[in-house]
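Start counting the sequence shown at 1392; every next residue gets the next number (the numbering used here). Ideal Cβ placement from N, Cα and C applies to all residues, glycine included.
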Amino acid sequence: MFQRLLRSRRRCLDLVKRLALLVADASKRLTTGSGFSDQDHDLFRACPGSSCGAEAKPTWKSTTFEAPTPPSLARHEEARAIPLLACRILPAARILSIYGHVYGPNLDALHGNSSDTDSRQAAMLSALLPKLAPTRSAGQADAPGHSLVLIQERLWWDNYFHWTLDYLTQIVWAERHLRSLGSAGLEALTVYYISKETTRRYQQESLDLLAWTGLKAQRVESKERLLNLRLTNLLIVQDRYAIQTMDPSCHNNQLHPEIINNWSRLVTSSPQVKAPRSRQRIYISRKLTTSRRVLNEAAVIETLALHNIQPVCLEGMSVAEQVALFQSAELVISPHGAGLTNLIYADQPAVLELFCSGHRIGAEYFQITMIRGGRYYFHQLEPANASNDMIVPIDLLQHYLEALLPS
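Okay, here's the thing in structure tokens:
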């Protein structure tokens, strides 16, 4: 009996999916949202530590590839004009599907591009099959206040770097906007988020660190990409990938100094983060990962120990423990990886980031280091295998230590 019902349900779902595709192709409502107007993009003079143009103008890139050439300090142009992020409030809205596109009560597109087949189909199914889509109505969910949904089209919440930089930092701008309207801060905000079993721990832990602010967090379930959230006073916060600017040297992948510094303040103020010990020098090991590992790590750690630089593995640490560790870090050496996201919580760190030429060189940790008032070096090594593991020449490491450590 149960098997027959299950097969019947699957056949019904297949038929509905075909119907949804036909309806969606003809629909003009579920195509492209309005986004932000030109008036939303005020320019301001960034405080020292802004990093606009870091990739567009490759002046920050080191040209040091072999020892014993002198290590090159990443250069940084301050006080460049970068735009404020735009923010607006929708009195009534629906989030249909895990792609996070926002619709009005009558299914008119309000924000986000849902013109691709996957998101359009998921949105239509979520609207047509509300009993299958996890649903939360405004009347059930929301106390008086505002809502923020940490869901985006790129589905990157299962990566610690993107979860922190692209999702959590929206909370900072939401608070800023609410206070500009004379509203209470985070105590007036409810945050909704999706997680998977493998990522739920750091997502929940990072939001728990903000409990002292009065922020409320609500995990929502999603089945087969379907979602149906009805929310009131929904905050739409522009993210760093949507930045537009008249400055041609600026790129869309920049980090906003005010957001980074305020996020650091919010998290490090949490009672769950223990006061940092004396300043520490740390080396981030990737031995528990599957890529970008240092194959001669034993020799590297032996050399670093001579300078009181301690190896750490972040995989077994809670978010609060990682925050406290980086809050006390005066020097950080690490292969490129998501663990360096925690540089947000460091104060004037000296940083050496090790890239592999088989993997892209990104400017994000350079930007964070500059915003936090630190010094940044990097070096690009040849891959030792298909996993982009690397071998760090000890004489090269010694050369960088001379630049990183106080004389």
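Anticipated Cβ contact below 8 Å, residue i with residue j, distance rounded
i, j, result
"Pro1702", "Ser1676", "5 Å"
"Gly1491", "Ile1542", "4 Å"
"Glu1744", "Phe1717", "Their Cβ separation, rounded to whole angstroms, is 14 Å, which puts Glu1744 and Phe1717 out of contact at 8 Å."
"Leu1476", "His1698", "Not confirmed; about 40 Å, so no contact."
"Lys1587", "Asp1557", "No, Lys1587 and Asp1557 are not in contact; Cβ-Cβ is about 16 Å, not under 8 Å."
"Val1742", "Val1723", "5 Å"
"Cys1478", "Val1628", "5 Å"
"Ile1752", "Gln1771", "7 Å"
"His1568", "Leu1626", "7 Å"
"Leu1617", "Leu1520", "7 Å"
Beta-bridge partners of residue i, as assigned by DSSP
i, result
"Val1628", "Cys1478"
"Ile1542", "None, per the DSSP bridge assignment."
"Gln1771", "Phe1746"
"His1537", "Leu1580"
"Val1703", "Ile1675"
"Val1493", "Ile1486 and His1502"
"Gln1609", "Tyr1583"
"Ile1724", "Tyr1674 and Leu1743"
"Leu1520", "Leu1520 pairs with nothing; no bridge assigned."
Neighbour-count burial assignment, residue i, 16 or more Cβ in a 10 Å radius
i, result
"Thr1681", "exposed"
"Pro1496", "exposed"
"Asp1780", "buried"
"Ala1670", "Note that residue 1670 is Arg in the sequence shown, not Ala. Exposed, because fewer than 16 other Cβ atoms sit within 10 Å of the Cβ of Arg1670."
"Ala1518", "buried"
"Arg1683", "buried"
"Trp1654", "buried"
"Leu1734", "buried"
"Pro1797", "exposed"
"Pro1726", "buried"
"Ala1689", "exposed"
"Pro1462", "Because the pLDDT of Pro1462 is 44, which lies under 50, any placement of that residue in the model is unreliable, and the number read from its coordinates should be weighed accordingly. Pro1462 should be labelled buried."
"Lys1607", "buried"
"Glu1566", "buried"
"Gln1645", "buried"
"Pro1482", "exposed"
"Pro1740", "buried"
"Thr1581", "buried"
"Trp1603", "exposed"
"Leu1572", "exposed"
"Ala1579", "buried"
"Gly1503", "buried"
"Thr1508", "exposed"
7 Å Cβ shell around residue i - same chain, five flanking residues per side excluded
i, result
"Phe1552", "Ala1729 and Thr1732"
"Ser1510", "Ser1488, Tyr1490, His1492 and Glu1544"
"Asn1687", "Ile1782 and Val1783"
"Val1710", "Tyr1593, Glu1596, Ser1597 and Leu1600"
"Ala1775", "Leu1686, Met1781 and Ile1782"
"Leu1792", "His1698"
"Trp1547", "His1553 and Asp1557"
"Pro1667", "Ala1715, Gln1718 and Ser1719"
"Trp1564", "Leu1476, Cys1478, Val1628 and Ile1650"
"Pro1662", "Trp1603"
"Glu1706", "Leu1679"
"Glu1773", "Ser1748"
"Asn1652", "Ile1762"
"Ser1574", "none"
Close-in-space but distant-in-sequence residues of the same chain around residue i (CB under 6 Å, 5 per side omitted)
i, result
"Tyr1583", "Val1540, Gln1609 and Val1611"
"Arg1763", "Ala1737"
"His1467", "With a pLDDT of 48 at His1467, under the threshold of 50, the predicted position of this residue should be treated as unreliable, though the coordinate-derived value follows. So the list reads Met1761, once near-sequence residues are dropped."
"Thr1560", "Ile1650 and Trp1654"
"Leu1695", "Tyr1674"
"His1750", "Asn1779"
"Ile1700", "Arg1672 and Tyr1674"
"Lys1665", "Ala1715"
Sequence-distant residues of its chain with Cβ nearer than 8 Å to residue i (five each side left out)
i, result
"Asp1630", "Leu1476, Gln1543, Asp1557 and Gln1561"
"Met1708", "Leu1716"
"Asn1624", "Ile1480, Leu1481, Pro1482, Asp1533, Gly1536, His1537 and Ser1538"
"Val1691", "Tyr1674, Val1685, Val1783, Ile1785 and Leu1788"
- Which whole runs of the alpha helix (DSSP H) in the segment 1654-1699 are 4 residues long or more, in chain order? You should have 1688-1696.
Unbroken alpha helix (DSSP H) runs of length 4 or more, entirely within the segment 1753-1797: which are they?
Every alpha helix (DSSP H) of 4 residues or more that sits fully in the segment 1753-1797 is shown, in chain order, as 1755-1762 and 1785-1795.
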